Amino acid sequence: MTKEKIWINGKVKNQEEDKIYCLSAFHYGTVAFDGILCIQDKKRKNNCFLFRLSDHLNRIFYSAKVLGLKIPYSKDEFANAIIDLVKSNGYASYYIRPLVFSNNFYTNILPKSKEEFVNVVILHKKFNFWKFSIRMKRGLKLIISKKIRNTWIEELTLAKISGKYLNYFLTLHEAKNKGFDEAIILDDEEKVSEASTSNIFIVKGNAIKTPPPKNILPGITRATVIEIAKNMNYDVKEERFSIEELFNADEIFLTNTARGIVSVFQVGDSNKFNKSEVASLIRDRYISIIRGEDSTFSHWSTPISI
Ligand code: PMP
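Residues in the sequence shown are numbered consecutively from 1065, following our numbering.
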């Protein structure tokens, strides 16, 4: 099997072909990154759609800026690089992971000079979203993390930076070690903030709540679900909520790029969550949107013909 190609600093290459320095970024968790969905067209197999590309690019440019890294490409050039990479492999559903980090070779925390070279690497993995999300349809089992809290550092809130993932890594470990899928992370006032790799929503009647963009990574899927739910006339609020409110919800669901929208059926010992009506309706709409089939939200799709 041939390995997927990789986009490094301006060219599509074979994975073995180039070497880059990542030691400083590796030491200090200073990689700006993102995760983008590319979905194959159901009808025209030589066509696919990148989902909310410009929003993902805005986020990675912001994350790089927080780290003081100047990406040596414009957003259009970056977008074209992603499109070229997808085209280079000729088949069509991917999870795409752009990474931006300093070329700093050794152990300096900060680059030696502002002119230091900034690496841009784009990985992509063939990804069967449908198979993955069907597996997820059984719903998730969550625990509430006892150890880790999300604290608010304003400029990090919107950023997707590797160092920030230590919290998420530890909570995920905690959950998996106890036989759960993910952990719910609380904020420093014991309100629900997000899950180890996802944003969280609760449903009560016609009302849908998700924590505001403070103490969370405000996901692109979260923003998408908010828009879809408003369009479907749900009463959507970005508001903090307590553990008590979580347990009183009719439905709980999580969102992220890799799995889309997934219902939760258990939190800790409580497996009373057996409803997923609202999540399923939103999920159906989400699926037609990422397939480029929904004209209301077609501006979110970037079509690529191979
Ligand atoms: N929160 C965390 C901690 C995440 O890792 C992710 C995945 N990137 C999300 C939320 C959801 O973000 P998105 O919808 O952009 O994938």
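Virtual Cβ for every residue (Gly too), placed ideally from N, Cα, C. Every value quoted in this text rests on a predicted model; they were computed, and no experiment measured them.
- When DSSP states are grouped into helix, strand and coil, residue 1238 belongs to the helix group.
- The beta carbons of residue 1304 and residue 1250 sit no closer together than 8 Å.
- Judged by their CB atoms, residue 1283 and residue 1319 are nearer to each other than the 8 Å cut-off.
- Residue 1104 places its beta carbon 8 Å or farther from that of residue 1152.
- Counting along the chain, residue 1368 sits inside no alpha helix (DSSP H); it lies in the beta strand (DSSP E) bounded by residues 1365-1369.
- Within the stretch 1073-1122, the runs of beta strand (DSSP E) at least 3 residues long that lie entirely inside it are, in chain order, 1075-1077, 1100-1104 and 1111-1115.
- The three-state secondary structure of residue 1269, taken from DSSP, is coil.
- By the Cβ test, the stretch 1113-1127 is in contact with the stretch 1089-1098, since at least three Cβ pairs between them sit closer than 8 Å.
- Burial state of residue 1273 is buried, judged by a 10 Å Cβ sphere holding 16 or more other Cβ atoms.
- In this structure residue 1209 is in contact with residue 1235, their Cβ atoms being roughly 4 Å apart against a cut-off of 8 Å.
- A direct Cα-Cα distance of roughly 35 Å separates residue 1143 from residue 1256.
- Each residue's CA atom was taken as its position, placing residue 1370 and residue 1136 some 27 Å apart.
- In this structure, DSSP gives residue 1159 an extended state, which the three-state scheme calls strand.
- The DSSP-derived three-state label of residue 1216 is coil.
- Residue 1177 carries a coil assignment under DSSP once its states are collapsed to helix, strand and coil.
- Contact between residue 1077 and residue 1083 does not hold, since the beta-carbon distance rounds to 11 Å and is not under 8 Å.
- Going by C-alpha positions, residue 1342 is about 39 Å away from residue 1131.
- Taking 7 Å as the cut-off, one finds no heavy atom of the ligand PMP near enough to the beta carbon of residue 1316.
- Linking residue 1165 to residue 1339 through their CA atoms gives a straight-line distance of about 43 Å.
- Judged by beta-carbon spacing, residue 1163 lies beyond the 8 Å limit of residue 1188, meaning their Cβ atoms are not closer than that value.
- Summarising the contact set, residues whose Cβ lies nearer than 6 Å to any heavy atom of the ligand PMP are, in chain order, 1099, 1232, 1258, 1261, 1262, 1263, 1281, 1283, 1284, 1285, 1286, 1319, 1320 and 1321.
- For residue 1317, no alpha helix (DSSP H) run applies; the uninterrupted beta strand (DSSP E) run containing it begins and ends at 1315-1320, by DSSP.
- In the structure shown, the three-state DSSP call for residue 1258 is strand.
- Look at residue 1357 here: in three-state DSSP terms it is coil, with no helix or strand label.
- When DSSP states are grouped into helix, strand and coil, residue 1252 belongs to the coil group.
- Residue 1294: member of the alpha helix (DSSP H) spanning 1284-1295, first to last residue.
- When DSSP states are grouped into helix, strand and coil, residue 1309 belongs to the helix group.
- With a beta-carbon spacing of about 12 Å, residue 1102 and residue 1186 fall beyond the 8 Å limit used to define contacts.
- In the displayed model, residue 1280 falls within coil according to three-state DSSP, outside both helix and strand.
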